[in-house]
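Numbering (my numbering), first residue to last: 992 to 1182.
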């Protein structure tokens, strides 16, 4: 399946892109967050926080029957504050006949139980994450937040998404834009 790229009322879409929270963003769910914006359009926006790992093994929280035969290195990540009971598999390589949506070149999203089982039973840590919850915005909400300088946007970089330490991801992403994180301030206007 190919991802649907919806357009906002101005005929543009931010998705797919990375959203980088401004340092002064008060919501603790998004403080110093990097979000993969998967969909953005007139109906709203959907994304996944990329830099909120937990210490919990994914195998400890999933309910597959029968249980996975082995427990690989896959751990649970917090994808956002909405619907924390929902799980998403974000991965960076194709896994054959998998029910998945291409978010962008090299990044896929799935809810497939078969794929989850394969990932849980894999010893080597593939470019994959099991995320719980998501970040969402109503119609026009994200546009207003970007216009109010709550977020910076950056191109999706596979190395950043799957190869950067989550504790450093926000700063690395900002520096790649040429910004010094400690110098950023909220303001109205264009970035």
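Note that beta-carbon positions come from the ideal geometry of N, C-alpha and C, so glycine has one too.
- [ ] Measure the C-alpha to C-alpha separation of residue 1137 and residue 1169 and round it to an integer number of angstroms.
- [x] 18 Å
Task: Between the CA atoms of residue 1132 and residue 1173 - distance to the nearest angstrom - done: 26 Å
Task: the segment 1027-1039 / the segment 1070-1087 touching (three or more Cβ pairs under 8 Å) - done: yes
Task: alpha helix (DSSP H) segment containing residue 1153, residue limits - done: 1149-1154
TODO: Provide the residue span of the alpha helix (DSSP H) that contains residue 1135, from first to last.
DONE: 1132-1138
Open item on the list: Only counting the same chain, and skipping five residues up and downstream in sequence, which positions put a Cβ closer than 7 Å to that of residue 1151?
Closed with: 1160, 1163, 1164
Open item on the list: Let's test the definition: count the other Cβ atoms within 10 Å of the Cβ of residue 1007 and tell me whether it reaches 16, buried, or not, exposed.
Closed with: buried
Task: Boundaries of the alpha helix (DSSP H) in which residue 1053 is found, first to last residue - done: Counting along the chain, residue 1053 falls outside any alpha helix (DSSP H), and DSSP gives it neither H nor E.
- [ ] With DSSP collapsed to three states, give me the class of residue 1102.
- [x] coil
Open item on the list: Counting C-beta neighbours from all protein chains within 10 Å, is the total for residue 1065 16 or more, i.e. buried, or is it exposed?
Closed with: buried
Task: Inter-residue spacing [alpha-carbon to alpha-carbon] between residue 1110 and residue 1082 - done: 10 Å
Open item on the list: In this structure, how does DSSP classify residue 1065 when only helix, strand and coil are distinguished?
Closed with: coil
Task: Close beta carbons around residue 1052, own chain, < 7 Å, minus the five adjacent residues each side - done: 1067
- [ ] Could you tell me if the beta carbon of residue 1174 falls within a distance shorter than 7 Å of some heavy atom in the ligand SAM?
- [x] Among the components of this structure there are no ligands whatsoever, and the ligand SAM is therefore not found.
Task: Own chain residues within Cβ distance below 6 Å of residue 1182, not counting five before or after - done: Bear in mind that the predicted position of residue 1182 carries a pLDDT of just 38, short of 50, making it too unreliable to give a figure here.
TODO: Assuming residue 1098 and residue 1147 form a contact by the criterion Cβ under 8 Å, report the distance between their Cβ atoms to the nearest whole angstrom.
DONE: 6 Å
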